[in-house]
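*Asks:* Residue numbers (this note's numbering), protein chains in the order written: chain W, 197 to 345; chain R, 877 to 1050; chain Z, 4 to 115.
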Amino acid sequence: MIDNPKTGMSLIVKTVTRLTVGLILLFGIYIVLHGHLSPGGGFAGGVIIALSFVHLMLAFGKDVAVSKISKNLASNLESVGALMFLSIALIGYLGGSFFMNVLEKGKHFKLFSAGTILLSNVAISLKVGVGLFAIFLALVILERSSKEK
Amino acid sequence: MELHILLIFMIFAGIIAIEVRDLLSSVVAVGAVGFALCLAFLILKAPDLAITQLVVEILCLIILIRATINRDLPLTIEGRWVFNTLASIVFVAAFLFFAFHALKELPAFGEPIMEVAKKYLEEGADKTGAVNLVTAVILDFRAYDTLGEATVLFTSVIGIMAILRRPGRKKVGS
Amino acid sequence: MTLYLLCLILFCVGLYGVLRKRNIVKMIIGLGIIEYSMNLFFVLLGYRNQGRAPIEAQAQDILNMVDPLPQALVLTSIVIGLGITALVISIAIRIYDKYGTFDITKIKKLRG
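Given below as structure tokens:
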């Protein structure tokens, strides 16, 4: 992350952001993956992942954040997340009805238990996180273009 | 007891958020209401909701501040102010009077009638294999509602990307 | 009982903001307060005295759990509230760019 002194915030904010932005993303992924064992789940983890990208954009300016995830990639990833959730629902037809939980349910308190709930959490977090970042990107691009006029 | 204090704090912060003239101060007051709500969820033993409410409140504050930071105008009071305020206060008082009589029919606070939830609590952990029962309810017993919520979020993102488009396009053939 | 009544008074504060204010951002803030009060009302309905959170643990000393069904509904509702607020704010930003003001009594010109 190159430091351009004209865009973004001051030097103190940029230094602290370099240290914390990876930790916030990792914490969000942890909350998503342990959604069936401890409080959290797909929605809270997805919003935390979106917050890490918004943090990067607020501290460094628009260009650094767009180089990580551009607007087209954000739209495509969000659609992939929604389609993944729908396909998990349709796989349930193998078990008898819509949304049936067909994968095996392991022992309690283990990470790979609870059937399709783990995959559903990952799909929902992808959809919610990237969608909320796309909203913020649309807001910032409009600000920039109306200032240039 | 703590819940009463939190609710009175939320009412005061809500009145400040509506009445203050400066837009940035009212956005900060709405943030205070949201954080007090997160504390209330923790007291009511709902940790999933507390985590979700906290992070959603932070994102909502960022979006609100971006909208109001350079766009602020002073307002003046126009005519018919007395009649409008009196009419809305009478409406709110009538609503509260009828709501008070309707609230007497609910069971007392702290003793819910859990008919469906009793089944979820007893059989939920064995039927789904998940230890977190709220996740088991939203992703296994009631997964159709989660599909509906994913659709609502998708529609909202498409709507925002369509509204906030860069104005002006290149003319064809010039 | 008094808790339910205080929750409805918070709803009325938000309702007053939607009805009586002329600034669009104040109306949006009133809508947000209405959403908070309704989420709190649902979770208040499901509380059990001396219950614990609806997550099974390995060493349990309190046996009752609170009701998990209202919590599942409110979890969905919180994220939908964020989507609604973002959409309405984007409409308000476009109104400001076109008319130059947030005041609803001055937005009267209906064009094309």
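The beta carbon of each residue, even a glycine, is placed where N, CA and C say it ideally should be.
What residues of chain R sit near Ile225/W, judged by a beta carbon separation below 7 Å?
*Replies:* Within 7 Å Cβ-Cβ: nothing; Ile225/W doesn't reach chain R, min ~14 Å.
*Asks:* So, with DSSP's three-state summary, where would you put Ser1050/R?
*Replies:* Unreliable placement is indicated for Ser1050/R, whose pLDDT of 48 sits below 50; the coordinate value is still reported in the next sentence. If DSSP states are grouped into helix, strand and coil, Ser1050/R belongs with coil.
*Asks:* Run the CB neighbour count on Met886/R, radius 10 Å, all protein chains shown included, and call it buried at 16 or more, exposed below.
*Replies:* Under this definition Met886/R is a buried residue.
*Asks:* Hey, Val46/Z and Pro71/Z are a contact pair by Cβ (cut 8 Å); roughly how many whole angstroms apart?
*Replies:* The pair is not a contact, with the Cβ atoms about 11 Å apart (cut-off 8 Å).
*Asks:* Kindly indicate if chain W contains any beta-carbon less than 8 Å away from that of Asp1021/R.
*Replies:* No - not a single Cβ of chain W is within 8 Å of the one on Asp1021/R.
*Asks:* Distance, Cα to Cα, Ile892/R vs Gly907/R?
*Replies:* Spanning the two alpha carbons is a distance of roughly 12 Å.
*Asks:* Does chain Z have any CB closer than 8 Å to the CB of Val209/W?
*Replies:* It does not; no Cβ of chain Z falls within 8 Å.
*Asks:* State yes or no: is the beta carbon of Ile36/Z nearer than 8 Å to at least one beta carbon in chain R?
*Replies:* Chain R, which has a Cβ nearer than 8 Å to the Cβ of Ile36/Z, makes this yes.
*Asks:* Measure the C-alpha to C-alpha separation of Met877/R and Met205/W and round it to an integer number of angstroms.
*Replies:* For Met877/R and Met205/W, the distance between alpha carbons rounds to 44 Å.
*Asks:* Mind checking if Phe305/W is an interface residue toward chain R, Cβ cutoff 8 Å exclusive?
*Replies:* Yes, Phe305/W counts as interfacial toward chain R.
*Asks:* Does the segment 325-337 of chain W come close enough to the segment 237-252 of chain W that 3 or more CB-CB pairs lie under 8 Å?
*Replies:* Contact between the segment 237-252 of chain W and the segment 325-337 of chain W is present, because at least three Cβ pairs lie under 8 Å.
*Asks:* If you follow the alpha helix (DSSP H) that Lys994/R is part of, which residue opens it and which one closes it?
*Replies:* Note, Lys994/R: alpha helix (DSSP H), Val992 to Thr1004.
*Asks:* In this structure, what does DSSP give as the bridge partners for Met68/Z?
*Replies:* Paired residue(s): Arg55/Z.
*Asks:* Just the C-alpha distance for Ala916/R and Lys306/W, rounded to the nearest angstrom, thanks.
*Replies:* C-alpha separation (whole angstroms): 31 Å.
*Asks:* Going by Cα to Cα distance, which pick from Met30/Z, Leu48/Z, Val82/Z and Gly35/Z is closest to Asp924/R?
*Replies:* That would be Val82/Z, whose Cα lies nearest to the Cα of Asp924/R.
*Asks:* Any residues in the segment 12-29 of chain Z with a beta carbon nearer than 8 Å to a beta carbon of chain R? Which ones, in chain order?
*Replies:* Within the segment 12-29 of chain Z, the residues whose Cβ lies closer than 8 Å to some Cβ of chain R are Ile12, Leu13, Cys15, Val16, Gly17, Leu18, Tyr19, Gly20, Leu22, Arg23, Lys24, Arg25, Asn26, Val28 and Lys29, listed in chain order.
*Asks:* Leu78/Z touches chain W at which residues, Cβ-Cβ below 8 Å?
*Replies:* Residues of chain W passing the Cβ test: Gly237 and Phe239.
*Asks:* For the segment 49-74 of chain Z, enumerate the residues whose C-beta is nearer than 9 Å to any C-beta of chain W, in chain order.
*Replies:* Result list: Ala56, Ile58, Glu59 and Gln61.
*Asks:* I believe Gly218/W touches Val228/W by the beta-carbon criterion, under 8 Å. Please report the beta-carbon distance rounded to the nearest angstrom.
*Replies:* Actually they are not in contact, since the Cβ atoms of Gly218/W and Val228/W sit about 16 Å apart, beyond 8 Å.
*Asks:* Looking only at its own chain, which residues have a Cβ that is under 7 Å from the Cβ of Ala270/W, when we skip the five neighbours before and after it?
*Replies:* Same-chain partners within the cutoff: Val326, Phe329, Ala330 and Leu333.
*Asks:* Would a check of beta-carbon distances place Val1033/R closer than 8 Å to chain W?
*Replies:* Chain W, which has a Cβ nearer than 8 Å to the Cβ of Val1033/R, makes this yes.
*Asks:* List the endpoints of the continuous alpha helix (DSSP H) containing Asp898/R.
*Replies:* Neither: Asp898/R is in no alpha helix (DSSP H) and is coded neither H nor E.
*Asks:* Counting only beta-carbon separations shorter than 8 Å, does Ala95/Z have a partner in chain W?
*Replies:* It does not; no Cβ of chain W falls within 8 Å.
*Asks:* Any idea what DSSP makes of Gly291/W, helix, strand or coil?
*Replies:* If DSSP states are grouped into helix, strand and coil, Gly291/W belongs with coil.
*Asks:* Using beta carbons (cut-off 8 Å, strictly below), is Ile81/Z in contact with chain R?
*Replies:* Closer than 8 Å to some Cβ of chain R, the Cβ of Ile81/Z qualifies, so yes.
*Asks:* State yes or no: is the C-beta of Arg55/Z within less than 8 Å of the C-beta of Ile65/Z?
*Replies:* For Arg55/Z and Ile65/Z, yes; Cβs fall inside 8 Å.
*Asks:* Is any beta-carbon of chain W found at less than 8 Å from that of Ala1006/R?
*Replies:* By this cut-off, Ala1006/R is an interface position.
*Asks:* Where does Asn297/W fall in DSSP's three states?
*Replies:* Correct three-state label for Asn297/W: coil.
*Asks:* What residue range is occupied by the uninterrupted alpha helix (DSSP H) comprising Val968/R?
*Replies:* Run containing Val968/R: Trp957 to Leu979, per the alpha helix (DSSP H) assignment.
*Asks:* For the putative contact between Leu273/W and Leu335/W, defined by C-beta atoms under 8 Å, what is the C-beta separation to the nearest angstrom?
*Replies:* At roughly 18 Å, the Cβ-Cβ gap does not stay under 8 Å, so Leu273/W and Leu335/W are not in contact.
*Asks:* Buried or exposed: Gln929/R, going by 16 or more other Cβ atoms within 10 Å of its Cβ?
*Replies:* By the 10 Å Cβ count, Gln929/R comes out buried.
*Asks:* Whose C-alpha, out of Pro57/Z, Gly86/Z, Asp100/Z and Ile37/Z, is nearest the C-alpha of Phe1030/R?
*Replies:* Of the listed residues, the one whose Cα sits closest to Phe1030/R is Gly86/Z.
*Asks:* Which residue wins for smallest C-alpha separation from Ile1036/R, given the options His977/R, Tyr1020/R and Ile939/R?
*Replies:* The shortest Cα separation from Ile1036/R among His977/R, Tyr1020/R and Ile939/R belongs to Ile939/R.
*Asks:* Would the beta-carbon of Leu333/W be found less than 7 Å away from any heavy atom of the ligand ADP?
*Replies:* Within the structure as shown, the ligand ADP is missing, as the structure has no ligands at all.
*Asks:* Using a Cβ-Cβ cutoff of less than 6 Å, which residues in the same chain neighbour Thr203/W once the five nearest sequence positions on both sides are dropped?
*Replies:* Answer for Thr203/W: Gly257, listed in chain order.
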